[in-house]
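*Asks:* First to last, the sequence lines map onto chains A and B. Quick note on numbering: the first sequence equals residues 470 to 666 in this note's numbering. Quick note on numbering: the second sequence equals residues 470 to 666 in this note's numbering. Even for Gly, the Cβ is constructed at its ideal location relative to N, Cα and C.
Number of protein chains: 2
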Amino acid sequence: MFEILAEYLRSKIEVSDAQLQEIEKLCTSKVAKRGEILLKVNEICDSAFFVTKGCLRSFVLDKKNKPHIIQFAPENWWITDRISLMTREPAMFYIEAIEDTEYIAVPEHFFDELPSIVPGAERLTRELLLDLFRSIRKRLISLLSATGEDRYLDFIQSYPSLALRIPQKMIASYLGITPESLSRIRKTISSHAVERH
Amino acid sequence: MFEILAEYLRSKIEVSDAQLQEIEKLCTSKVAKRGEILLKVNEICDSAFFVTKGCLRSFVLDKKNKPHIIQFAPENWWITDRISLMTREPAMFYIEAIEDTEYIAVPEHFFDELPSIVPGAERLTRELLLDLFRSIRKRLISLLSATGEDRYLDFIQSYPSLALRIPQKMIASYLGITPESLSRIRKTISSHAVERH
DNA sequence: CGTGGAGTTGAATACGATCAACACCGGTGG
DNA sequence: CCACCGGTGTTGATCGTATTCAACTCCACG
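#1: To the nearest angstrom, how far is it from the Cα of residue 643 of chain A to the Cα of residue 609 of chain B?
#2: Please list, in chain order, the chain B residues whose beta carbon lies closer than 7 Å to that of residue 614 of chain A.
#3: With respect to the alpha helix (DSSP H) encompassing residue 585 of chain B, which residues constitute its N-terminal and C-terminal limits?
#4: Under 9 Å, CB to CB, which of the residues in the stretch 576-608 of chain A have a partner in chain B?
#5: I'd like the list of long-range same chain contacts for residue 559 of chain A, defined as Cβ closer than 6 Å, with 5 residues on each side in sequence excluded.
#6: Which of the residues in the stretch 546-558 of chain A, read from start to end, lie with their CB under 8 Å from any CB of chain B?
#7: From this set, B:653, B:519, B:501, which residue's C-alpha is nearest residue 566 of chain B's C-alpha?
#8: Work out the CA separation of residue 637 of chain A and residue 467 of chain A for me, nearest whole Å.
#9: Name the residue from B:557, B:653, B:528, B:569 whose alpha carbon lies nearest to the alpha carbon of residue 544 of chain B.
#10: Which whole runs of the alpha helix (DSSP H) in the stretch 548-612 of chain B are 4 residues long or more, in chain order?
#11: Are the CB atoms of residue 524 of chain A and residue 541 of chain A nearer to each other than 8 Å?
#12: In chain order, what residues of the same chain have a beta carbon less than 8 Å from the beta carbon of residue 472 of chain A, not counting five sequence neighbours either side?
#13: When you compare each of B:493, B:498, B:520, B:604 to residue 627 of chain B by their alpha carbons, which one comes out closest?
#14: Strictly below 8 Å CB to CB, what residues from chain B border residue 610 of chain A?
#15: Taking DSSP as the reference, what is the three-state secondary structure of residue 677 of chain B?
#16: Looking at the structure shown, is residue 539 of chain A part of a helix, part of a strand, or coil, going by DSSP?
#17: DSSP beta-bridge partners for residue 616 of chain A?
#18: Name the one or two DSSP bridge partners that residue 501 of chain B has.
#19: Compute the Euclidean distance between the alpha carbons of residue 573 of chain B and residue 476 of chain B, then round it to the nearest angstrom.
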């Protein structure tokens with residue numbers, strides 16, 4: 470199971486087998502059943518999760534207890550409350566398995582220690598942070614300035630495999646619309662496709 | 470004018486006058502008239518701006534050319550496209566003066582060099598990044614999960630002085646609602662206040 | 001099989017956006 | 001100094017769109 474993270478790291482940075490063995494010592498392989506909660510709001514988040522099989526999501530609850538999805542994490546994705554992890558503040562959201570999932574938990578200091586094992590790995594840490602930053606900012610902007618339909622089109626464009634795999638009600642929650650609205654949006658989109666054909 | 474940034478830095482980190490002189494060499498004092506654009510979408514952002522007097526804002530335009538405000542920056546705030554600054558990617562938004570404004574521009578390498586002038590200043594850089602992260606994430610969550618009224622209440626709570634100072638149409642744009650809706654929200658809020666009295 | 005959840009569809013509703021009118025200044029120029 | 005003007009904020013009426021509620025189908029799974 471660690472082999473998947475190893476492969477991921479090899480694709481991102483130059484790393485030897487000996488270094489990978491060092492890295493593996495920091496990692497803990499775990500499994501979660503569908504529905505299992507890995508992090509709760511207001512807990513201190515002490516790990517980042519790297520998914521090797523299955524899918525996790527992070528979400529908040531509004532005052533009517535409706536979930537709103539912040540992020541999906543299928544294979545080869547990281548998910549964590551980065552701020553809670555870095556500052557020991559209470560977590561802002563839940564993390565939950567939406568499929569039976571295998572994942573690797575790494576401790577808070579993992580990314581700090583990585584460069585001492587693999588010189589130059591700061592770049593990876595920096596890239597991960599930038600990717601996260603970019604994606605949050607992009608979502609903020611699209612929530613502010615784009616319609617539900619445009620957000621959906623962007624979603625299937627950006628994450629085509631997720632769009633097939635994730636239940637539509639969860640995609641709707643991620644997009645900030647109701648499942649019914651998403652269903653209707655999909656209908657009008659497919660009718661446009663027919664027109665063009 | 471640099472004195473205001475100096476005071477700001479003194480409040481954040483231990484810094485001597487000699488160090489401040491070194492820092493000042495990296496800074497450029499500038500002024501912008503109301504309406505002046507400091508950064509355009511798709512330009513490479515090469516500075517961060519620290520406002521010493523007046524107010525800047527960042528915003529995007531949607532496909533109908535309506536502005537949507539990402540951030541306000543009054544005195545003692547930083548504003549920049551951090552990702553463009555760090556990666557030389559094209560900027561995602563505009564930065565514009567909404568009042569006659571005096572500000573200090575610092576180059577992309579400013580935050581990298583700061584620790585070599587003031588040992589321990591990494592903490593400040595890290596804190597600034599965390600603050601930005603926190604605020605973007607908070608806005609994302611509130612757009613996903615809170616009503617316009619709740620977002621407004623949170624805004625006046627979080628930034629009471631901004632709420633008095635910024636035109637309401639801009640606050641509405643920041644909150645993702647129309648100026649008319651904000652006006653009506655304010656009306657119902659004040660009537661609630663009367664009830665309680 | 002049968003049950004429950006997911007997705008779709010329709011109808012009614014509610015809510016925010018839009019359009020329009022107006023009051024209220026703050027600044028400018030006569 | 002006052003008249004005028006443009007922009008801002010408020011309010012009302014209308015409109016459009018997403019939400020809500022409900023019914024139904026279709027699988028997947030036990």
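*Replies:* Quick look at the numbers:
#1: When the Cα atoms are used, residue 643 of chain A and residue 609 of chain B turn out to be separated by approximately 11 Å.
#2: The contact set of residue 614 of chain A on chain B, defined by CB atoms closer than 7 Å, consists of 529, 531, 537 in chain order.
#3: It spans 579-586 - the alpha helix (DSSP H) in which residue 585 of chain B sits, taken as one unbroken run.
#4: Hits within the stretch, in order: 595, 598, 599, 601, 602, 603, 605, 606, 607, 608.
#5: Only 511 meet the Cβ criterion.
#6: Within the stretch 546-558 of chain A, the qualifying residues are 551, 552, 555, 556.
#7: Residue 566 of chain B has its Cα closest to that of B:501, out of B:653, B:519, B:501.
#8: No answer is possible for residue 467 of chain A: it lies beyond the span of chain A, which begins at 470 and ends at 666.
#9: Closest in alpha carbon position to residue 544 of chain B, among B:557, B:653, B:528, B:569, is B:569.
#10: Within the stretch 548-612 of chain B, the complete alpha helix (DSSP H) runs of at least 4 residues are 551-556, 579-586.
#11: In contact: residue 524 of chain A and residue 541 of chain A (Cβ atoms closer than 8 Å).
#12: Only residues of its own chain outside the window of five on either side were considered, and among them none has a CB closer than 8 Å to the CB of residue 472 of chain A.
#13: Ranking the options by Cα distance to residue 627 of chain B, first place goes to B:604.
#14: Those are 529, 537, 539, 561, 562, listed as they occur along chain B.
#15: Examination of residue 677 of chain B is not possible in this model, given that chain B is present from 470 through 666 alone.
#16: Here residue 539 of chain A sits in strand by DSSP.
#17: Assignment of beta-bridge partners to residue 616 of chain A by DSSP yields no partner.
#18: Note: residue 501 of chain B sits in a beta bridge opposite B:570.
#19: A direct Cα-to-Cα measurement between residue 573 of chain B and residue 476 of chain B gives close to 13 Å.
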